[in-house]
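Participant: Quick one: structure below, then a few questions.
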DNA sequence: GCCCTGACTCTCA
DNA sequence: CTGAGAGCCAGGG
């Protein structure tokens, strides 16, 4: 059974996604599709955006959710250039030394490649 | 249950 | 590299 608190209404899949996002190391980025896989939700990249939009700003279980480390498969920020969200995300990434040229990030350099230990640990939890 | 939406992705021109 | 088109699927109304 699931706990019955004010948060029980939260979709279970969202929680899986938030937890996966929390594993992204500082200074690295991953794509929506990649998070979907890590969260055990292959093929549901679009669900990631929904989950991030509703992610509690206070974080989840005492840990912040670094939503800004998620970009699209082309290495670009998925907000319209110049929009509020775009500027926030770009700023936060740059604060972590991630180089953002225009609206693009060099994935060959900044994309997180979870190692086997990481994957096994996740399956266990 | 039906219909629309979207912080996606892949393919092809 | 850029853009259009189709496929994708859970959420929300």
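In the working numbering, the protein residues as written are 435 to 559. Ideal Cβ placement from N, Cα and C applies to all residues, glycine included.
1. Report the three-state DSSP secondary structure of residue 450 (helix, strand or coil).
2. What's the C-alpha gap between residue 513 and residue 483?
3. With 16 other CB atoms within 10 Å as the buried threshold, where does residue 450 fall?
4. Give the DSSP bridge partners of residue 462, in chain order.
5. Can you tell me which residues form a DSSP beta bridge with residue 510?
6. Excluding the 5 residues preceding and the 5 following residue 452 in the sequence, name in chain order all residues of the same chain whose CB lies nearer than 7 Å to its CB.
7. Following the continuous alpha helix (DSSP H) through residue 519, name the residue where it begins and the one where it ends.
8. Does DSSP put residue 494 in a helix, in a strand, or in coil?
Facilitator: The answer reads as follows:
1. If DSSP states are grouped into helix, strand and coil, residue 450 belongs with the helices.
2. The straight-line gap separating the alpha-carbon atoms of residue 513 and residue 483 is approximately 11 Å.
3. Classification for residue 450: buried.
4. When beta bridges are read from the DSSP output, residue 462 appears opposite no residue.
5. In the DSSP output, where bridge partners are listed per residue, residue 510 has 538.
6. If you ignore the 5 residues before and after residue 452, its C-beta comes within less than 7 Å of the C-beta of 485, 489, 494, 499, all in its own chain and listed in chain order.
7. Residue 519 -> alpha helix (DSSP H) spans 518-529.
8. In the displayed model, residue 494 falls within a strand according to three-state DSSP.
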